[in-house]
Every structure is written in structure tokens, then in C-alpha cells.
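The sequence shown begins at 10 in the numbering used here and counts up one residue at a time.
A virtual CB, placed ideally from N, CA and C, is assigned to each residue, including glycine.
Model, not experiment: these values are computed from the prediction.
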Amino acid sequence: MEEIKSNKPDPYQALRYREFNVFLLLRFAMVFAWSMQFIVIEWEVYSLTKNPLSLGIIGLMEVIPAVSMALFAGHIVDQREKKGLLVKCILGFSVISFGLFLLTWPKIVGGWSSTVILYSIYALVFFGGLVRAFLGPTIFSLLSLIIPKKVYPNAATWSSSVWQIGAVMGPALAGFSINWIGVHWSMCLVFGFSLLSLVALSQISKKPIINPKIGESIKDSLTEGLTFVFRNQIVLGALSLDMIAVLFGGAVALLPVFAQDILKVGSEGFGILRAAPAVGAFITMLISAYVPLYKNAGKKLLIAIFVFGLSIILFGLSTYFWLSVFALFLSGLADGISVVIRQTILQLKTPDHMRGRVGAVNSIFVGSSNELGAFESGATAKLMGAVTSVVFGGSITLLTVVVTALKSPTFRNLDLHRDMEDHQKLD
Numbered sequence: 010m011e012e013i014k015s016n017k018p019d020p021y022q023a024l025r026y027r028e029f030n031v032f033l034l035l036r037f038a039m040v041f042a043w044s045m046q047f048i049v050i051e052w053e054v055y056s057l058t059k060n061p062l063s064l065g066i067i068g069l070m071e072v073i074p075a076v077s078m079a080l081f082a083g084h085i086v087d088q089r090e091k092k093g094l095l096v097k098c099i100l101g102f103s104v105i106s107f108g109l110f111l112l113t114w115p116k117i118v119g120g121w122s123s124t125v126i127l128y129s130i131y132a133l134v135f136f137g138g139l140v141r142a143f144l145g146p147t148i149f150s151l152l153s154l155i156i157p158k159k160v161y162p163n164a165a166t167w168s169s170s171v172w173q174i175g176a177v178m179g180p181a182l183a184g185f186s187i188n189w190i191g192v193h194w195s196m197c198l199v200f201g202f203s204l205l206s207l208v209a210l211s212q213i214s215k216k217p218i219i220n221p222k223i224g225e226s227i228k229d230s231l232t233e234g235l236t237f238v239f240r241n242q243i244v245l246g247a248l249s250l251d252m253i254a255v256l257f258g259g260a261v262a263l264l265p266v267f268a269q270d271i272l273k274v275g276s277e278g279f280g281i282l283r284a285a286p287a288v289g290a291f292i293t294m295l296i297s298a299y300v301p302l303y304k305n306a307g308k309k310l311l312i313a314i315f316v317f318g319l320s321i322i323l324f325g326l327s328t329y330f331w332l333s334v335f336a337l338f339l340s341g342l343a344d345g346i347s348v349v350i351r352q353t354i355l356q357l358k359t360p361d362h363m364r365g366r367v368g369a370v371n372s373i374f375v376g377s378s379n380e381l382g383a384f385e386s387g388a389t390a391k392l393m394g395a396v397t398s399v400v401f402g403g404s405i406t407l408l409t410v411v412v413t414a415l416k417s418p419t420f421r422n423l424d425l426h427r428d429m430e431d432h433q434k435l436d
């Protein structure tokens with residue numbers, strides 16, 4: 010790698026490393042495909058059942074294997090070569106997306122009952138959860154191996170922003186593609202993006218295994234990882250805050266209900282609703298590349314999650330389409346800031362040899378809370394209605410931020426400026 014020498018802040022610092030640019034393409038394609046697939050399947054399942062609880066079950070089917078295998082996956086990631094593991098993960102996802110492509114093809118399942126189709130979808134989603142248990146920690150670990158430590162803060166900003174954009178643009182395209190080309194060919198697009206991520210990965214070289222404890226027992230390895238997370242108040246606080254926000258503020262899981270039954274805007278309106286957070290996330294990327302978020306990071310994270318909660322409540326109460334779009338745009342903007350700060354904290358605070366295990370805990374706290382949030386939203390919507398469910402979730406998010414701000418001055422006053430300077434001094 011060519012060393013970067015500059016005393017001035019460089020918003021494009023990480024982009025001057027070729028493999029990091031390839032990594033961004035890989036991450037975008039993978040997140041885009043996974044999140045698009047989730048929404049396409051949500052639409053298909055709700056069209057089959059007209060039951061909001063079925064949307065929650067999708068999330069539950071993915072989160073059960075993802076959570077139960079996450080810590081073991083983190084141990085394996087820290088013991089193995091990262092590129093080879095990532096190839097296996099992407100191939101596994103590609104097989105699953107192709108299976109869902111077949112399950113949404115009328116020529117294949119035209120004579121099947123809706124129950125058989127539904128349970129077949131649930132089965133593939135379950136296997137997808139197994140793949141995801143390994144995917145998150147592997148990607149998190151690979152990032153630190155393709156750039157020098159002094160570039161971590163800037164790399165975390167770009168990586169988090171690209172993740173956020175992919176996570177909302179995938180579902181946004183899903184909404185439009187369902188209207189334009191149907192569910193079946195939308196799944197074909199998902200399969201195509203999974204192949205694109207494989208092509209990108211082929212441009213990244215194999216990396217050494219940075220772990221002084223190769224061969225360590227699973228018990229000792231997992232204990233070390235969990236102890237690090239739960240004794241580090243900053244890491245634990247960032248993970249917990251984001252988990253609560255995603256778990257209870259998961260209004261997007263009910264977008265098929267709002268689009269079809271409340272706002273009555275159909276699949277095209279559904280696509281616009283899904284696109285709104287993408288615009289907010291894109292603005293976040295532009296801002297975070299030029300405006301340092303590591304200064305007063307604690308206050309900024311608390312404010313971002315508070316705004317996220319308010320936007321979710323506004324969306325739940327809105328009966329006007331464009332007001333709902335604005336609320337979701339605001340949620341994407343706030344959530345994007347939260348993700349960038351959280352990923353910066355993890356990259357700066359995590360030792361190299363523990364990145365797989367910490368990435369696994371991150372997957373449990375935050376990644377899997379998306380699916381648990383979908384189940385929570387579906388279950389509460391079944392019990393109390395979609396609107397009340399969304400408002401309830403947003404209110405819990407606000408309450409969590411207020412309690413954290415009052416009870417945790419250490420987190421509230423967190424500033425990553427010194428951490429950033431320390432890493433900038435490293436060769």
C-alpha cells in the first residue's frame with residue numbers, strides 16, 4: 010500500500026486504496042441484494058396471507074439461526090482466512106436467492122398451494138440466517154486488513170455509509186421492480202447482484218490471519234470476546250442503543266401493510282416509501298465524508314436516535330402519503346448518522362485479533378434486531394393494529410435515548426477525537 014502523508018483532513022483518504030474501493034462495491038452489492046430480497050419476499054408473503062404476523066415470522070425465521078450461530082461464527086472467523094470464508098458465504102446466499110427465484114416463478118409453483126409455497130420460503134429464509142451468521146463478522150474483519158489503522162475513521166465512515174445506502178436502496182428498488190417486472194424477475198435481480206459481489210471479491214487478495222491464539226478452545230475464545238464487549242461501556246452502549254432503536258423502531262417491516270391497506274398507494278407507492286430512507290442515507294454519506302462525526306460522538310449519536318424515534322412516530326400517525334415519505338426520509342438521515350458513528354466506534358475500539366467475535370456480537374445486537382424488530386412489529390400490529398404498533402415502537406426509542414442521556418454521562422460525553430489522532434499517527 011502507498012503511504013498517505015497529509016496534515017489536513019482528507020474526506021477521500023480511504024478511497025485512495027484500490028482494494029478498499031473494491032470492498033465498497035462488494036459490500037454495496039451484498040447489502041443491496043440481501044435487503045432487496047427481504048422486501049420482495051415480504052411483499053410476496055403478505056400477498057399470499059394478508060396477515061401482518063406472517064411478516065414477523067419472516068424475520069423470526071432468519072434471526073433464530075443468525076443469533077444462535079453468531080458467536081460460534083465469530084470464533085471461526087478469527088481462526089480462518091477471511092477471503093475464503095467470504096466466498097463461501099456469498100455462494101451460499103446465491104444458492105438461496107436462486108431458490109427463492111424458483112419459488113416465485115409461476116411456471117414452477119403454479120400448481121402448489123399457498124401453504125406449501127409459504128413454508129418453502131420460510132425454510133430458505135432460515136438457511137439464509139445461517140449464512141448471515143458468518144457473513145457479518147467476516148466482512149467486518151476483512152475491512153481492517155485492507156487499509157492501514159490510521160485510515161480506520163475515514164474508512165468506517167465510507168463503509169457505514171455504503172452499507173446504509175445499500176440497505177435502503179435495495180428495498181426501494183424492490184418496491185419499484187415489483188410494480189414494473191413482478192416478484193419473480195425482482196428475485197432474478199437479487200441473484201445478479203449476489204454474483205456481482207463475487208466478481209468484486211475476486212479483486213481482493215488473500216489476507217494473513219492476525220490471531221495470536223490459533224487453536225484456542227471455543228469456550229475460551231467466546232469468553233474473551235463477550236468479556237471485551239460487556240466490559241467496554243462505550244462499545245456496549247453504542248450496540249445497545251442501536252439495537253433498541255432498530256428493534257422497536259422497525260416501521261419499515263410494516264410498509265406492505267401501510268402501502269396496501271392504510272395509504273392505499275399500491276406497489277408503486279410502496280417503492281417511493283422505501284426510497285425515502287435511501288435519500289436520507291445518501292445525504293448522510295455526503296455529510297459524514299466532510300463533517301467529522303467523531304467529535305462529540307456520544308451527543309451526536311443520542312440526537313440521531315432521538316430524531317429517528319420522532320420520525321417513526323410521525324410516520325405511524327400520518328395519513329398523508331407525502332408526509333409519510335418525509336418521515337421515512339428523516340428516519341434514513343438519522344439512522345445513517347447512527348450507523349456511521351457506531352461503526353467508527355467499533356473499528357477504533359476493537360483489537361485486530363478479536364474483530365470476528367466483536368463483529369458477531371454486533372450482528373446479534375444490531376443486525377439481528379432488524380429481523381426481531383420485524384417480528385415485534387408484525388406481532389404488535391396483529392394485536393393492536395399497525396398504526397399503534399409503529400407509534401409504540403417510536404415511543405420506546407425516545408424513552409431509551411432519554412434514559413441513556415440521563416444515566417450515562419460517560420457515553421453522553423464520548424468524544425472519539427483522541428482515538429482518531431492516535432490511529433492517524435500509526436504507520
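Worksheet entry | Element boundaries [alpha helix (DSSP H), containing Ser-347] | Going by DSSP, Ser-347 is part of the alpha helix (DSSP H) stretching over 330-358.
Worksheet item: Ends of the alpha helix (DSSP H) at Asn-241?
Response: Where Asn-241 is concerned, there is no enclosing alpha helix (DSSP H), given that its DSSP letter is neither H nor E.
Discussion item. Taking the alpha carbon of Leu-112 as the reference point, which residue from Ile-314, Trp-194, Ile-354 and Ser-398 has its own alpha carbon closest?
Written reply: Nearest C-alpha to Leu-112: Trp-194.
Item to complete: Pick out the complete alpha helix (DSSP H) segments inside the segment 157-192, 4 residues or longer, and give them in chain order.
Response: 161-189
Item to complete: Leaving aside the five residues before and after Val-316 along the sequence, list all residues of the same chain whose C-beta is less than 6 Å from its C-beta, in chain order.
Response: Ala-343
Worksheet entry | Close beta carbons around Leu-34, own chain, < 6 Å, minus the five adjacent residues each side | Ala-209
Item to complete: Please determine if the segment 281-301 and the segment 162-181 are in contact, where contact requires at least 3 C-beta pairs separated by less than 8 Å.
Response: yes
Item to complete: Output the distance between the C-alpha atoms of Thr-58 and Val-86, rounded to the nearest integer angstrom.
Response: Roughly 39 Å between the two C-alpha positions.
Item to complete: Look at Leu-127 and Leu-263 and say whether their C-beta atoms are less than 8 Å apart.
Response: no
Worksheet item: DSSP on Thr-113, reduced to helix/strand/coil?
Response: coil
Worksheet entry | Per-residue burial, Tyr-55 [other beta carbons within 10 Å of its own, 16 or more giving buried] | Counting the other Cβ atoms within 10 Å of the Cβ of Tyr-55 gives 16 or more, which makes it buried.
Worksheet item: Helix, strand or coil for Asp-361 per DSSP?
Response: helix
Worksheet entry | Residue range of the alpha helix (DSSP H) that includes Lys-309 | 306-326
Practice prompt. Classify Gln-22 as helix, strand or coil using the three-state DSSP reduction.
Written response: coil
Worksheet item: Thinking C-alpha only, which one of Leu-310, Leu-205, Pro-360 and Phe-384 is nearest Thr-413?
Response: Leu-310
Worksheet item: Contact between the segment 244-254 and the segment 344-351: three or more CB pairs below 8 Å?
Response: Three or more beta-carbon pairs separated by less than 8 Å link the segment 244-254 to the segment 344-351, which places the two stretches in contact.
Worksheet entry | Exposure label - Leu-239; buried when at least 16 CB within 10 Å | Sequence check: residue 239 is Phe here, not Leu. Result: exposed.
Practice prompt. Report back the beta-carbon spacing between Phe-330 and Val-399 to the nearest angstrom; my notes put them in contact at under 8 Å.
Written response: Incorrect: roughly 16 Å between the Cβ atoms, too far for contact.
Item to complete: Would you be able to state if there are at least three C-beta pairs under 8 Å between the segment 191-205 and the segment 39-55?
Response: These segments touch.
Worksheet entry | Beta carbon of Val-49 nearer than 8 Å to that of Ile-105 | no
Worksheet item: In three-state DSSP terms, what is Ile-373?
Response: helix
Worksheet item: Does the distance from the CB of Gly-103 to the CB of Phe-200 come in under 8 Å?
Response: Reading off the sequence shown, one finds Ser at residue 103, where the question assumed Gly. Yes. Within cutoff.
Practice prompt. Inspect the CB distances between the segment 69-89 and the segment 143-151 and report whether three or more fall short of 8 Å.
Written response: Taking a cut-off of 8 Å for Cβ pairs, the segment 69-89 and the segment 143-151 touch, as three or more such pairs fall below it.
Worksheet item: What runs of the alpha helix (DSSP H), each 4 residues or longer, lie entirely inside the segment 27-104?
Response: The alpha helix (DSSP H) runs lying completely inside the segment 27-104 and spanning 4 residues or more are 27-58 and 61-88, given in chain order.
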